[in-house]
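> Starting off with a structure, shown below.
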Amino acid sequence: VDKEPKQVQLEATIIAMEQSYAKEQGFRWSWLSLTGHGEDKTNSYGAVTFGKTPGGEAYKFFVKPELSLMESSGKAVLIAKPSIMALNGETAHILIGERIPVIEEAEVNGERKRSTRYEEVGIKLNYTPIITANGGVDAKIHAEVSTPIMVSEMKAYKISTRQAHTRVRLQPGEVLVIGGLMDNRDQHQIQKIPILGDIPLLGKLFRHSRKTKDSIEMLILVRANVV
Numbered sequence: 013v014d015k016e017p018k019q020v021q022l023e024a025t026i027i028a029m030e031q032s033y034a035k036e037q038g039f040r041w042s043w044l045s046l047t048g049h050g051e052d053k054t055n056s057y058g059a060v061t062f063g064k065t066p067g068g069e070a071y072k073f074f075v076k077p078e079l080s081l082m083e084s085s086g087k088a089v090l091i092a093k094p095s096i097m098a099l100n101g102e103t104a105h106i107l108i109g110e111r112i113p114v115i116e117e118a119e120v121n122g123e124r125k126r127s128t129r130y131e132e133v134g135i136k137l138n139y140t141p142i143i144t145a146n147g148g149v150d151a152k153i154h155a156e157v158s159t160p161i162m163v164s165e166m167k168a169y170k171i172s173t174r175q176a177h178t179r180v181r182l183q184p185g186e187v188l189v190i191g192g193l194m195d196n197r198d199q200h201q202i203q204k205i206p207i208l209g210d211i212p213l214l215g216k217l218f219r220h221s222r223k224t225k226d227s228i229e230m231l232i233l234v235r236a237n238v239v
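Under this note's numbering, think of the first position of the sequence shown as 13, with each following residue one higher.
This is how it looks when you write it as structure tokens:
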């Protein structure tokens, strides 16, 4: 009797937090034990690695983050908690965002012609699971955060993209955190003395404004279970 192919359930938690707040509060981690040999190494996109496997690939740290107080502070937001099933060896795709029109120009027979294609923007997560003999999951994971930016002189969008790609082995109950996917934003802050700062003309003497740049870090927590 043929057995039905096993499936893997991916549970993802996507959190956006101000990077400055993360530094102020400290992001507390509970590390699972991990040993290995080779050179220490840190992934430039924020996935933490240590040592190397016999095949030359870096080990990954697996973490259990303590996220208390982050949302209540107003400086961290839970974006989504998607869950999706995938057959063993098949690729699953999660998109939290939208598809926007992107105008393309091309020259055909000496004439400039425009066409429109649609591009996915937002938070994308692709993963391909392979179930191991001991019930774990060997997964290829590709995470991407993209933001559309309107270019007024071109009357079209350009897309700013940050992405991370890794291959990890997850055991039941382990959580992988993908971090370092940054999104910069401008903020305009106004500080004033109550009442005096609202007086016409003279009010500007009692208030000041400043523009700041803040970085938003997207954290993607991934857990995979064989079902």
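Quick reminder that beta carbons are idealized off the backbone N, C-alpha and C, glycines included.
Leaving aside the five residues before and after residue 131 along the sequence, list all residues of the same chain whose C-beta is less than 7 Å from its C-beta, in chain order.
111, 112, 114, 171
> Relative to the C-alpha of residue 15, which residue among 100, 227, 182, 26 is closest?
The shortest C-alpha separation from residue 15 is found at 100.
> On the premise that residue 98 lies in contact with residue 19, defined as a C-beta separation below 8 Å, what is that separation, rounded to the nearest angstrom?
Yes, residue 19 and residue 98 are in contact; Cβ-Cβ is about 7 Å, under 8 Å.
> Any idea if residue 143 is buried or exposed, counting beta-carbon neighbours within 10 angstroms, 16 or more meaning buried?
Note on residue 143: 16 or more other CB atoms within 10 angstroms of its CB, so buried under the neighbour-count rule.
> Using the three-state DSSP reduction, which class does residue 183 fall into: helix, strand or coil?
coil
> Taking the alpha carbon of residue 152 as the point to measure from, which residue in 139, 96, 160, 159 has its own alpha carbon closest?
139
> Which stretch, first to last residue, makes up the beta strand (DSSP E) that contains residue 158?
149-163
> Exposed or buried, what is residue 51 when buried is set at 16 or more other beta-carbons lying within 10 Å of its beta-carbon?
Its pLDDT being 36, under 50, residue 51 is placed unreliably by the model, and the measurement read from it follows with that caveat. With fewer than 16 other Cβ atoms within 10 Å, it is exposed.
> Give the straight-line distance between the Cα atoms of residue 235 and residue 109, rounded to the nearest whole angstrom.
Between residue 235 and residue 109, the C-alpha separation is close to 21 Å.
> Is DSSP giving residue 229 helix, strand or coil here?
Here residue 229 sits in strand by DSSP.
> What separation, rounded to the nearest whole angstrom, lies between the Cα atoms of residue 56 and residue 230?
Here the model assigns residue 56 a pLDDT of 32, short of 50, so the residue's position is not dependable and the matter cannot be decided.
> Rounded to the nearest angstrom, what separates residue 24 and residue 150 at their Cα positions?
16 Å
> At what residues does the beta strand (DSSP E) containing residue 239 begin and finish?
Bounds of any beta strand (DSSP E) do not take in residue 239, whose DSSP letter is neither H nor E.
> First and last residue of the beta strand (DSSP E) that includes residue 113?
Boundaries of the beta strand (DSSP E) harbouring residue 113: 104-120, taken from the DSSP string.
> Taking 8 Å as the threshold (C-beta atoms), are residue 159 and residue 133 in contact?
Yes, Cβ-Cβ distance for residue 133 and residue 159 is below 8 Å.
> Hey, out of 127, 188, 155, whose CA is closest to residue 176's CA?
155
> Excluding the 5 residues preceding and the 5 following residue 173 in the sequence, name in chain order all residues of the same chain whose CB lies nearer than 7 Å to its CB.
Closer than 7 Å at Cβ, skipping near neighbours: 156, 158.
> With C-beta atoms as the reference, is residue 87 less than 8 Å away from residue 30?
yes
> Which residues bound the beta strand (DSSP E) around residue 25?
19-30
> Could you check the C-alpha separation between residue 26 and residue 127 for me, to the nearest Å?
34 Å
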